[in-house]
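The next block holds one structure in the form of structure tokens; read it before the comments.
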Amino acid sequence: MKLKYTLLLTLFLSLGVFTACDDDDDDDIDYTATYPISGTWSVTFNIETAPGQFEPLTDPTEVLIYNTAANVPTEVWVDDEGHFWEFKVKTPINISNLTFSGENLANDYYPSQVTITDGQVFLNAVEVNNVLRDSIYFRVSFNDDEDAEGNPDPFGTIYHVYGHRSSGFE
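Mapped onto mature numbering (1 follows the signal peptide of the UniProt record, and there is no 0), the consecutive letters of the sequence shown carry residue numbers -20 to -1, 1 to 150.
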């Protein structure tokens, strides 16, 4: 009788071990169609004060770039979440050469237009905290910009945006 209970206990424990093991532990990460352009980017907004000299206008802040609902490799949302200008625009991309740009893009936050030029992602291009990260650069201008005297100056100032992919631990 004791042998019978021992065998039954062994059988139940064996079944528990086999059912607890899951063999579909998939380490593959599924990315959207717009990766590696999409992501959270830690950037600064700058103006050029002299040829090749830039003055930062912001401390490092976040810009989000993410796929549209269609999840196609031809367009992304570029969104500063109000950290600099409050703009969110749908921008054409070229995923094969990691570039993005567009003129007179409709701002989703309020009625205005935004132009993004020379957008580029550079893979493993910068070292931050001893970790190699992707880098980003683009220029942005706004149709509701003003000059130093407060006069309308549509697209008059070109802001240079550069930074790196954020890890979330900065």
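Positions of the beta carbon are idealized from the N, C-alpha and C atoms, including for glycine.
The model shown is predicted, which means the values in this text are computed figures rather than measured ones.
Buried or exposed by the 16-neighbour rule on C-beta atoms within 10 Å, applied to residue i
i	result
residue 27	exposed
residue 143	buried
residue 59	buried
residue 14	buried
residue 112	exposed
residue -1	In this prediction, residue -1 scores a pLDDT of 49, lower than 50, which makes its location untrustworthy; the coordinate-derived value is nonetheless stated afterwards. Exposed, by the Cβ-count rule.
residue 84	exposed
residue 139	buried
residue 76	exposed
residue 147	exposed
residue 32	exposed
residue 130	exposed
residue 47	buried
Own chain residues within Cβ distance below 6 angstroms of residue i, not counting five before or after
i	result
residue 96	71, 81, 82, 118 and 120
residue 67	60, 87 and 94
Residue i CB to nearest heavy atom of the ligand ATP below 7 angstroms
i	result
residue 11	Questions concerning the ligand ATP fall outside what the structure shown contains, since it holds no ligand whatsoever.
DSSP state of residue i mapped onto helix, strand, coil
i	result
residue 144	strand
residue 12	coil
residue 64	coil
residue 115	strand
residue 124	coil
For residue i, the nearest candidate out of the options (CA to CA)
i	options	result
residue 136	125, 100, 48 and 20	125
residue 62	48, 90 and 50	90
Cut-off 7 angstroms between Cβ atoms - residues of its own chain near residue i, not counting five sequence neighbours on either side
i	result
residue 127	133 and 136
residue 35	26, 27 and 29
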